[in-house]
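Student:
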Amino acid sequence: MEPVRHEDAYGKIKKCDDRGAETSDIAWVFLRLLSRQTVDFPIRNHLPTGGKQIIPFWTGYHRKTSMYCRSFSIVSYAPIVDSKPSDMATVYTTMKRCVDMCMKAGQQYSVQTFDQQLYAIAQQIKWSRPLEFQSHIIRLGGFHTVACFIASIGKLWGDGGLSDLLVDSGVYAGCTVEQMLSGKQFNRAVRALTLTYEAMMSLWVSSFDWCRTTNRLINIPETIWDALLRCYDIFAGDMSSWNQDIATLTSLVDMHLRNSSNSSKLTYITPLDN
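Plus 3 on top of the position in the sequence shown (first one is 1) and you've got the numbering used here.
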């Protein structure tokens, strides 16, 4: 049976546009560069010398600055289905039991996670029985989701210079990069792409020299520099008051980016150029 397709696909994609995540990443890059003292920020003279990196990497930074509080869940196991896992009847049985248990618990929707192989079978069953599983949400496991995403990045940009960048920089060997961009070597691939993002953003922020020579830094409010310095001091010293200062920095950067991108959706690539 032909799967259900959304008519307004573009509208649904636009709703997923989260500028908050983008702003948080830009603030992280600014703090990392400020700690390295490789970019001549207007507040560089206020920093201690030494150039020691005190800002954590991407995961550690967002772990420290996250306000998300995970709630406790009760984990229990359903009876084992003594059949071949990849058999369509077995997958259907697990889906049906999941729906029934959620209905008994009073939940409107049931969510079930499969690995990559069983996910494809589960989707076929859902497409063939849309009324029976209309409130059943099938998820691909987080590991396989990110692995597929990394493989898509390798498919799009592997031969466009990304593979050469990782190899010629001496960070990874050629065979390792080939496996990473095919969705394997998961941990190395995630770190390599994060390093690539930071390097690209460093080149982007290096345009500060051009902004200074063309007198464009005056377009950036002084409050952003003050908030950036306060956040740096927090990581260098006491972390007890980071919550409000990080939120202030993110809010100021987001406000400046939005004001700079009124004329074009893609202007945020060069938000310093009003």
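For every residue, glycine included, the Cβ atom is placed at its ideal position computed from N, Cα and C.
All values derive from a computational prediction rather than experimental measurement.
1) By the DSSP assignment, the beta strand (DSSP E) with Thr116 in it spans what residues?
2) Going straight from the alpha carbon of Gly157 to that of Phe146, what length do you get?
3) If you check the beta carbons only, do Ile57 and Phe238 fall under 9 angstroms apart?
4) Taking C-beta to C-beta, are Ser89 and Ser113 nearer than 9 angstroms?
5) By a C-beta neighbour count over all protein chains shown, 10 Å radius and 16 as the cutoff for buried, is Lys129 buried or exposed?
6) Please classify Met203 as buried or exposed, where buried requires at least 16 neighbouring CB atoms within 10 angstroms.
7) When the distance is taken between beta carbons, is Thr68 closer than 9 angstroms to Asp257?
8) Nearest-angstrom Cα distance between Thr253 and Ala230?
9) Could you check the C-alpha separation between Ile140 and Pro133 for me, to the nearest Å?
10) From the DSSP output, in three-state form, read off Ile141 for me.
11) Suppose contacts are defined by Cβ-Cβ distances below 9 angstroms. Is Ala125 in contact with Met106 by that definition?
12) Would you decide whether Leu143 is buried or exposed? Buried here means 16 or more other CB atoms lie within 10 Å of its CB.
13) Rounded to whole angstroms, what is the Cα-Cα separation between Arg233 and Trp31?
14) Threshold first: 4 residues or longer. Then list the alpha helix (DSSP H) segments lying entirely within the region 158-242, N to C.
Tutor: Reading from the atomic positions:
1) Within the sequence shown, the letter at position 113 stands for residue 116. That run of the beta strand (DSSP E) goes Ser113 to Phe117.
2) Residue mapping note: residue 157 aligns to position 154 of the sequence shown, counting from 1. Residue mapping note: residue 146 aligns to position 143 of the sequence shown, counting from 1. For Gly157 and Phe146, the distance between alpha carbons rounds to 17 angstroms.
3) Working through the sequence shown from its first residue, we reach residue 57 at position 54. Working through the sequence shown from its first residue, we reach residue 238 at position 235. For Ile57 and Phe238, yes; Cβs fall inside 9 angstroms.
4) Position 86 of the sequence shown, counted from the first residue, corresponds to residue 89. Position 110 of the sequence shown, counted from the first residue, corresponds to residue 113. Their beta carbons are not under 9 angstroms apart, which means Ser89 does not touch Ser113 by this criterion.
5) Sequence index remark: in the sequence shown, residue 129 carries index 126 (1-based). So Lys129 counts as buried.
6) The residue you call residue 203 lines up with position 200 of the sequence shown. The residue is exposed, with fewer than 16 neighbouring Cβ atoms inside 10 Å.
7) Locating residue 257 in the sequence shown gives position 254, where the first residue counts as 1. Locating residue 68 in the sequence shown gives position 65, where the first residue counts as 1. Judged by beta-carbon spacing, Thr68 lies beyond the 9 angstroms limit of Asp257, meaning their Cβ atoms are not closer than that value.
8) Stepping through the sequence shown from its first residue, residue 253 is reached at position 250. Stepping through the sequence shown from its first residue, residue 230 is reached at position 227. Straight-line Cα distance between these residues: approximately 9 angstroms.
9) Residue 140 sits at position 137 when you count from the first residue of the sequence shown. Residue 133 sits at position 130 when you count from the first residue of the sequence shown. Each residue's Cα considered, the two are about 11 angstroms apart.
10) Mapped onto the sequence shown, residue 141 falls at position 138. Ile141 falls in the strand class under three-state DSSP.
11) For the purposes of this step, residue 125 is taken as the residue at position 122 of the sequence shown. For the purposes of this step, residue 106 is taken as the residue at position 103 of the sequence shown. No, they are not a contact pair.
12) The residue labelled residue 143 in the question sits at position 140 within the sequence shown. That one is buried.
13) Within the sequence shown, the letter at position 230 stands for residue 233. Within the sequence shown, the letter at position 28 stands for residue 31. Cα to Cα, Arg233 sits roughly 14 angstroms from Trp31.
14) 166-171, 177-183, 189-208, 211-216 and 225-239
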